[in-house]
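Q: In my numbering, the protein residues as written are 15 to 263.
Glycine residues also receive a C-beta, built at the ideal position from the N, C-alpha and C atoms.
Bear in mind that the values here come from a model prediction, so they are computed numbers and not experimental data.
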Amino acid sequence: MWVDGEPRYIAVLVHGYGEHLGRYDRVADVLVRHGAVVCGPDHMGHGRSAGDRVLIEDYEDVVADLHTVVESARGDHPGLPVVMIGHSMGGLIAARYAQLHGGGLAALVLSGPVLGRWHAVDELLPLDEMPDEPIDTSTLSRDPAVGAAYAEDPLVWHGPFRKRTIEALDTALRRVDEHGSLGALPTFYVHGEDDELVRPEDTRAGIERIRGADLTERLYPGARHEVFNETNRDEVLADVTAFIDRALA
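Structure below.
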């Protein structure tokens, strides 16, 4: 948990596949200075959490874990509005959370979210054996230091996908599509136009399925997958905090 002084809102960070919350120090620092108390889990099988590495058999379990974190933060800071920020696979989890518990959220931010369809799932689902091909870290950001830090991070998973995780992702994508609109929840969708890991055109279909009455979106030219770690990260995070201000007002 990150906090300094008397916060005016709770920001819950929902990290992506294979990574962990420790990679969000810079994001948390900006949010704390903006008035947030920042928290979030390492998902099951990720980072410092227990479980077989990157094995998720049902994403509803991850959403339930996330709800426990939110309710704990609410108990520690009663009366504060809750903003959820999900990146990549975390965007899928956060969107599902909002479908089930959106009445308890003041705003939702989705960064390069896995929604609609994901080419990685389409390609891996028919295979019996998961290929052991490490991620091309240059797809994360135009800043080479980001890829280098990712490659050297012992809490990041550098091995292959699990077949059951791919099956669970496929189920979760369909479930979110079928559930539909986020209603009146203020939602900010951000994506790098040059994202090759989670392609904007694939996410677009999912955004259209869940979009409610208050959707703001911003695509960043030249940016890759991790817009919070991109060379224009200050611009992206300024856009996020401006959106939060509007939602809380």
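Could you tell me if residue 215 is buried or exposed, where buried requires 16 or more neighbouring beta carbons within 10 angstroms of its beta carbon?
A: What you label residue 215 is simply residue 201 of the sequence shown in a count that begins at 1. Answer is exposed; the Cβ neighbour count stays below 16.
Q: With a cut-off of 8 Å, do at least 3 Cβ pairs link the stretch 175-186 to the stretch 64-77?
A: yes
Q: Runs of 4 residues minimum, wholly inside the stretch 43-99: which ones carry the alpha helix (DSSP H) assignment?
A: Qualifying alpha helix (DSSP H) stretches, in chain order: 73-90.
Q: Which residues in the same chain have their Cβ closer than 6 Å to the Cβ of residue 297, if we skip the five residues on either side of it in sequence?
A: Here the chain comprises residues numbered 15 to 263, so residue 297 is not present and cannot be evaluated.
Q: Where does residue 98 land, buried or exposed, given buried means 16+ other C-beta within 10 angstroms?
A: Counted from its first residue, the sequence shown places residue 98 at position 84. Looking at its Cβ environment, which holds 16 or more other Cβ atoms inside 10 Å, residue 98 is buried.
Q: Can you say whether residue 125 is buried or exposed, counting buried as having 16 or more other CB atoms within 10 angstroms of its CB?
A: What you label residue 125 is simply residue 111 of the sequence shown in a count that begins at 1. Under this definition residue 125 is a buried residue.
Q: Would you mind reading off the limits of the beta strand (DSSP E) that contains residue 162?
A: On the sequence shown, position 148 is the one that residue 162 refers to. Element bounds for residue 162: not the beta strand (DSSP E) but the alpha helix (DSSP H), 158-166.
Q: Are there 16 or more other CB atoms within 10 angstroms of the CB of residue 86, so buried, or fewer, so exposed?
A: Here residue 86 corresponds to residue number 72 of the sequence shown, with the count starting at 1. By the neighbour-count rule (16 or more Cβ atoms within 10 Å), residue 86 is not buried but exposed.
Q: Using CA coordinates, which residue listed in 33, 198 and 149 is at the minimum distance from residue 67?
A: Here residue 67 refers to the residue found at position 53 when the sequence shown is read from its first residue. Of 33, 198 and 149, the residue nearest in Cα terms is 33.
Q: Whole angstroms is fine: what's the gap from residue 203's alpha carbon to residue 164's?
A: Taking the sequence shown and counting its residues from 1, one reaches residue 203 at position 189. Taking the sequence shown and counting its residues from 1, one reaches residue 164 at position 150. Answer to the nearest angstrom: the Cα atoms are 24 Å apart.
Q: Spell out the partners DSSP gives residue 25 in its beta bridges.
A: As a working note, residue 25 is residue 11 in the sequence shown. Residue 25 pairs with 52 and 97.
Q: Kindly provide the ranges of any alpha helix (DSSP H) runs that are 4 or more residues long and lie completely inside the stretch 159-216, ordered along the chain.
A: Within the stretch 159-216, the complete alpha helix (DSSP H) runs of at least 4 residues are 177-193.
Q: Can you give the beta carbon distance from residue 206 to residue 241, rounded, assuming they're within the 8 Å contact cut?
A: The residue labelled residue 206 in the question sits at position 192 within the sequence shown. The residue labelled residue 241 in the question sits at position 227 within the sequence shown. Sure, about 5 Å apart at Cβ, within 8 Å.
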